[in-house]
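Sequences listed follow chains A, F and X, in order.
As numbered in the working numbering, residues 1 to 323 make up the first sequence, in order.
As numbered in the working numbering, residues 1 to 296 make up the second sequence, in order.
As numbered in the working numbering, residues 1 to 325 make up the third sequence, in order.
Following: one structure in structure tokens, then a few remarks.
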Amino acid sequence: MSKIVLEVEGLRTSFFTRKGIVKAVDGVSFFVREKETLGIVGESGCGKTVTGMSIMRLLPEPGGKIVGGRITLNGTSLLELSKREMRNIRGCMVSMILQDPMTSLNPVYTIGDQIAESVRMHQNLADEKMITNEVVSSLRLLQIPSPETLLKNYPFQLSGGMRQRVVGAIAMCCKPSLLIADEPTTALDATIQAQYIALFKDIQAKTDVAIIFITHDFGVIADMCHRVAVMYAGKIVESASTSEIFKKPQHPYTRALINSVPRLDRKDDRLYSIEGQPPSLMHLPPGCRFCERCSDSLEICSKEEPPEKNIGNNHTVSCWRVQ
Amino acid sequence: MEYLRDINEAKIEKRMELRRKFSRLMLIIPVVILALLILSAIFAPLLAPYSPTEIAMTERLQPPSFLKGGSPKHFLGTDSLGRDVFSRIIYGARISLSFSLIVIFITGTVGTILGIISGYFGGRLDSFIMRFTDVALSIPAILIAIILAVGLGPSFKTIVIASSILGWSGYARVIRGEAMRLREVDFVAQARIIGSSRMRIMIKHIFPNVINPLIIIATMMVGLMIIIEATLSYLGAGIPPPNPSWGAMVNDGRNYLETAWWISFFPGFCIGLVVLSCNYLGDWIRDKLDPRLRRL
Amino acid sequence: MADILLEGRNLTMLYPVRRGLFQGLIGMVRAVDNVSFSIERGKTLSLVGESGAGKTTTAKSVLLLERATSGSVYFEGKDIYQYNKDQLKREYRPRVQAVQQNPWSSMNPRMRVKDIVAEPLVVNAKQSKKENYDRVVELLDQVGLKAEHAEHFPHEFSGGQRQRIAVARALALNPSLVVLDEPVSALDVSIRAQIMNLLKDLQEAHNLSYLVIAHNLATVRYMSHGVAIMYLGQIVEYGDTEDLFENPLHPYTNALISASDLKLPEDRDQNEKEIILSGEMPSPLNPPTGCRFHTRCPEARPECSKIEPEMVTVGKHQVKCHKFV
Numbered sequence: 001m002s003k004i005v006l007e008v009e010g011l012r013t014s015f016f017t018r019k020g021i022v023k024a025v026d027g028v029s030f031f032v033r034e035k036e037t038l039g040i041v042g043e044s045g046c047g048k049t050v051t052g053m054s055i056m057r058l059l060p061e062p063g064g065k066i067v068g069g070r071i072t073l074n075g076t077s078l079l080e081l082s083k084r085e086m087r088n089i090r091g092c093m094v095s096m097i098l099q100d101p102m103t104s105l106n107p108v109y110t111i112g113d114q115i116a117e118s119v120r121m122h123q124n125l126a127d128e129k130m131i132t133n134e135v136v137s138s139l140r141l142l143q144i145p146s147p148e149t150l151l152k153n154y155p156f157q158l159s160g161g162m163r164q165r166v167v168g169a170i171a172m173c174c175k176p177s178l179l180i181a182d183e184p185t186t187a188l189d190a191t192i193q194a195q196y197i198a199l200f201k202d203i204q205a206k207t208d209v210a211i212i213f214i215t216h217d218f219g220v221i222a223d224m225c226h227r228v229a230v231m232y233a234g235k236i237v238e239s240a241s242t243s244e245i246f247k248k249p250q251h252p253y254t255r256a257l258i259n260s261v262p263r264l265d266r267k268d269d270r271l272y273s274i275e276g277q278p279p280s281l282m283h284l285p286p287g288c289r290f291c292e293r294c295s296d297s298l299e300i301c302s303k304e305e306p307p308e309k310n311i312g313n314n315h316t317v318s319c320w321r322v323q
Numbered sequence: 001m002e003y004l005r006d007i008n009e010a011k012i013e014k015r016m017e018l019r020r021k022f023s024r025l026m027l028i029i030p031v032v033i034l035a036l037l038i039l040s041a042i043f044a045p046l047l048a049p050y051s052p053t054e055i056a057m058t059e060r061l062q063p064p065s066f067l068k069g070g071s072p073k074h075f076l077g078t079d080s081l082g083r084d085v086f087s088r089i090i091y092g093a094r095i096s097l098s099f100s101l102i103v104i105f106i107t108g109t110v111g112t113i114l115g116i117i118s119g120y121f122g123g124r125l126d127s128f129i130m131r132f133t134d135v136a137l138s139i140p141a142i143l144i145a146i147i148l149a150v151g152l153g154p155s156f157k158t159i160v161i162a163s164s165i166l167g168w169s170g171y172a173r174v175i176r177g178e179a180m181r182l183r184e185v186d187f188v189a190q191a192r193i194i195g196s197s198r199m200r201i202m203i204k205h206i207f208p209n210v211i212n213p214l215i216i217i218a219t220m221m222v223g224l225m226i227i228i229e230a231t232l233s234y235l236g237a238g239i240p241p242p243n244p245s246w247g248a249m250v251n252d253g254r255n256y257l258e259t260a261w262w263i264s265f266f267p268g269f270c271i272g273l274v275v276l277s278c279n280y281l282g283d284w285i286r287d288k289l290d291p292r293l294r295r296l
Numbered sequence: 001m002a003d004i005l006l007e008g009r010n011l012t013m014l015y016p017v018r019r020g021l022f023q024g025l026i027g028m029v030r031a032v033d034n035v036s037f038s039i040e041r042g043k044t045l046s047l048v049g050e051s052g053a054g055k056t057t058t059a060k061s062v063l064l065l066e067r068a069t070s071g072s073v074y075f076e077g078k079d080i081y082q083y084n085k086d087q088l089k090r091e092y093r094p095r096v097q098a099v100q101q102n103p104w105s106s107m108n109p110r111m112r113v114k115d116i117v118a119e120p121l122v123v124n125a126k127q128s129k130k131e132n133y134d135r136v137v138e139l140l141d142q143v144g145l146k147a148e149h150a151e152h153f154p155h156e157f158s159g160g161q162r163q164r165i166a167v168a169r170a171l172a173l174n175p176s177l178v179v180l181d182e183p184v185s186a187l188d189v190s191i192r193a194q195i196m197n198l199l200k201d202l203q204e205a206h207n208l209s210y211l212v213i214a215h216n217l218a219t220v221r222y223m224s225h226g227v228a229i230m231y232l233g234q235i236v237e238y239g240d241t242e243d244l245f246e247n248p249l250h251p252y253t254n255a256l257i258s259a260s261d262l263k264l265p266e267d268r269d270q271n272e273k274e275i276i277l278s279g280e281m282p283s284p285l286n287p288p289t290g291c292r293f294h295t296r297c298p299e300a301r302p303e304c305s306k307i308e309p310e311m312v313t314v315g316k317h318q319v320k321c322h323k324f325v
């Protein structure tokens, strides 16, 4: 087994708002190994983005706070670092790709300048030529055609897919050991999305990088990830290898999610749909968080939170139905 | 399991609650200040201890009553002609506040209407209105004021007209930009799909959504208008000298700053107070009008 | 004979591109190029394609947000481009409504739900406030919301609920056709199914026709009776949904299907490798000669770059590719 790059234990992140405390992430544990892609899948508001932001320690201020848990990256405990130490790790040991390629690049700087900025910050390269070399090689890694000419371009001159590659190049230029990708393909067209995913598989083969892929799209998960963690209302309700999740989903929420995605290879008369809405993170129910929408709930479900059970093969589920 | 971090959420919550209460309290202060100033402007004859224009050369340049050597008769001291500063501030509020409110109302209305029309229609009409705006922005208000003063004679009305003729252009510029952006927003397309007329779209959909920038400019203008009134009056276009206005009072005390600072300081302080209060109040009005920020 | 409600005939939409100090005309973008389609009463037609394919522009010409440069739209057999303003307002606009993609921007944030849903009634039908309100409550009920929701503002709702409000607004005037512009793509996975089921139920209950704009093929397969696949302003494949998905012909359709299929890599057969297209869609300002897809086509032949293929009928659907000429 290759070594564990990131380990998150009992992470709890809350937002302190005018209306009350929002428990966005409430006791989440997972790990990622070298060369491995972990998919975190869930709906908006389930805490998947906040989990990513917590690892980066880039929670919106004021209000966002990590209130509990431990995050260990390559043996370093991230929550113990000072802001300055964390800045050195960010962009270097761990970096992030955001969803929208239109807004994650600064429109007034050239592509070359924006990648070089990251190189300059984290690598002690005195020579401008060496910096340019680094920039070009990271553009090559992202399979960007004719990188030397692209350096002088501005973001508006590029298409969405190309911009997202540039964002990837910025993230990869310092050879991080962990990459957090937050819905990086959602804003892209289907054929471009397929290119991007193939590209990341290729990068991972070349660099050993561990990837956390945050998404709501099961199609992307199926193509890209080795393991999946399904999040609901701030908790991981099920986690297993990708093929286990698709073939033997145990948690009713996972099952419902997979069934509610329309299929291309068959004609459905009616889609399975989960009625209702996720609970408010400000007023969480006492028992299982999915209980209210679950078609299969027991009496205990509304009273006590189900414990996490390992059913073998590193497949964990939190559900009273699973024995 | 023992974790490295374990923060007590309830404690933070309590602290935030206190902060919230405090900020709500802070909101009352500007409202009270503005209310007091407006009331004192309305009831000036009842409140002012002296006539604002009465000259008493024997009592000139007296410091405020709470300072060493101050006369108990004059709470905020007297100016170079022995006029009571406190009374002049109360009367001055009438001119300064009414001038700025009237001008802001006129310029804000004209500027918003032109801005919305220009931004929503676009094309030639937009180019026309915007060239017009550019011209208005480039003419110095003082020039217009002097010309008008010659034509109409110096008066309150003259400076209101002089400031309003050009003052709408700033509003029009900003509101136009906002209207142009809103024109492309989905809910405007939706309004067209259901068959709304352009008039209805501008009134129902564009206007309520340009209120935020409108309030920001309007509150910024309050202080500026008080100063402009003083400048125009000083140049002889506005209210002739013995009548008090805050701007004019600040100006009067200019030569005595070292020896009798109170002549300029107190009216200046009032201007600052009004500007600050208006800014707070503007934020509050904005929040109240916006359903997304309204507290339940 | 099928009962055709709306027909687009040879729609072409050109946009001038101006650049520089004097705004000189440097070219024309053919956003939509000779597109024809028809929608039957009570049925759904989907326009599928990637951004820049011209599907939204086509929908705009139907909604009259923009007029086609040439070609026309026929509604119940009549050319609406010949209608005057008054006829449009009375006879066309109220019957063709829309639900937009983004439920966060499609409603005026300063209006209450009752005013949002009632707005089509206020603008078009002269009724009393009471009548309008009753209709709003009825509509909210149809889309699965409660009467008390009428008093709230849009920001108090989740995306799925907002999309329900948007649907209620679109139904207010009892339209015959509703244009659904990516109706579920901004929503969460579990909510998408709710909205799609709702739209299907409403279609049956009111005999509605839908013109769906979408990029997600699986959604399209579930929702629609007919599909038109668009690429760079043109329809490249057009036909009955089942037929088209069971037997896709155009190489672009095949690539799209491959890209959106939910399949584990291990479950793919050896010969069924995922098709990954190279490159990106060229600029519509300067479209390739011949077949517009030839720059990315894995099966391109020499003639593809020279001659534009004709639309031909193969089996039950039409396709625009040299392979079938």
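Even for Gly, the Cβ is constructed at its ideal location relative to N, Cα and C.
Values in this document were obtained by computation on a predicted structure and should not be read as measured data.
Does residue i come out as helix, strand or coil in the three-state DSSP assignment?
i: X/D188; result: coil
i: A/Y272; result: coil
i: F/M1; result: For F/M1, the predicted structure reports a pLDDT of 42, less than 50, and the residue's modelled location is therefore unreliable. The matter cannot be settled from this model.
i: F/L296; result: Because the pLDDT at F/L296 is just 37, under 50, the model does not fix this residue reliably, and the value given afterwards should be weighed accordingly. Of the three classes helix, strand and coil, the one that applies to F/L296 here is coil, per DSSP.
i: A/G75; result: coil
i: X/A214; result: strand
i: X/T69; result: coil
i: X/M230; result: strand
i: A/I325; result: Outside the shown range of chain A, which is 1 to 323, sits residue 325 of chain A, and nothing can be said about it.
i: X/D79; result: strand
i: X/V325; result: coil
i: F/I211; result: helix
Check whether the Cβ of residue i lies closer than 8 Å to any Cβ atom in chain F.
i: X/L108; result: The sequence as given places Asn at residue 108 of chain X; Leu does not occur at that position. It does; some Cβ of chain F falls within 8 Å.
i: A/I40; result: no
i: A/G18; result: Note that residue 18 of chain A corresponds to Arg in the displayed sequence, not to Gly. Chain F contact via Cβ: present.
i: X/A59; result: no
i: A/V22; result: no
Beta carbon of residue i, beta carbon of residue j: below 8 Å?
i: X/A68; j: X/M28; result: no
i: A/R33; j: A/K3; result: yes
i: A/P184; j: A/Q164; result: yes
i: A/G52; j: A/M102; result: no
i: F/L182; j: F/N209; result: yes
i: F/A189; j: F/H205; result: no
Shorter than 8 Å from the beta carbon of residue i to some beta carbon of chain X?
i: F/I193; result: yes
i: A/D265; result: yes
i: A/V167; result: no
i: F/S323; result: Past the edges of chain F, shown from 1 to 296, lies residue 323 of chain F, and the structure says nothing about it.
Just to check my reading of the structure: residue i and residue j have Cβ atoms closer than 8 Å, yes? What is that Cβ distance to the nearest angstrom?
i: X/P251; j: X/G52; result: Not quite, the Cβ-Cβ distance comes to about 18 Å (not below 8 Å), so this is no contact.
i: X/H294; j: X/P287; result: In fact, because the Cβ distance is near 11 Å, the residues do not count as touching under 8 Å.
i: F/T58; j: F/R83; result: Their Cβ separation, rounded to whole angstroms, is 12 Å, which puts F/T58 and F/R83 out of contact at 8 Å.
i: A/Q114; j: A/N106; result: 6 Å
i: X/R221; j: X/T253; result: Actually they do not touch by this definition, with Cβ atoms about 12 Å apart.
Does the beta carbon of residue i sit closer than 8 Å to a beta carbon anywhere in chain A?
i: F/E9; result: yes
i: F/I28; result: no
i: F/M16; result: yes
i: X/Q194; result: yes
i: X/A255; result: yes
i: X/V189; result: yes
i: F/M1; result: Residue confidence is low: F/M1 scores 42 on pLDDT, short of 50, so the model does not pin down where it sits. Its coordinate-derived value is still stated next. Closer than 8 Å: yes.
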